[in-house]
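Presented below is the structure to which this report refers.
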Ligand SMILES: [Zn+2]
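Numbering (this note's numbering), first residue to last: 181 to 245.
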């Protein structure tokens with residue numbers, strides 16, 4: 181059984197969750213990962229910010245758009 185779970189961290193395509201194997205599968209690029217691996221990828225792709233203050237300002241600014 182496949183469920184639409186999220187968007188792919190690599191390509192922003194549809195990320196499906198396969199219940200029987202507990203793996204996430206991207207319909208677009210073929211990414212096949214566990215929940216842990218998915219978290220790792222998200223951590224890796226998240227831009228590192230210099231300070232939390234700067235990040236808060238950026239988030240506020242982005243939310244205005
Ligand atoms: Zn993908």
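Beta carbons: idealized from backbone N, C-alpha and C, even for Gly.
What you are looking at is a predicted structure, and each value in this text was computed from that prediction instead of being measured.
Just confirm the distance between the C-beta atoms of residue i and residue j, as a whole number of angstroms; I'd bet it's less than 8 Å.
{"i": "residue 208", "j": "residue 219", "result": "Actually they are not in contact, since the Cβ atoms of residue 208 and residue 219 sit about 20 Å apart, beyond 8 Å."}
Would you kindly check if the distance between the Cβ of residue j and the Cβ of residue i is under 8 Å?
{"i": "residue 188", "j": "residue 225", "result": "no"}
Just checking residue i against ligand 1 - is the residue's beta carbon closer than 7 Å to any of the ligand's heavy atoms?
{"i": "residue 190", "result": "yes"}
{"i": "residue 208", "result": "yes"}
{"i": "residue 211", "result": "yes"}
Nearest to residue i by CA position, among the options, is which residue?
{"i": "residue 183", "options": "192, 202, 190", "result": "202"}
{"i": "residue 192", "options": "205, 235, 238, 233", "result": "205"}
{"i": "residue 215", "options": "228, 197, 239", "result": "197"}
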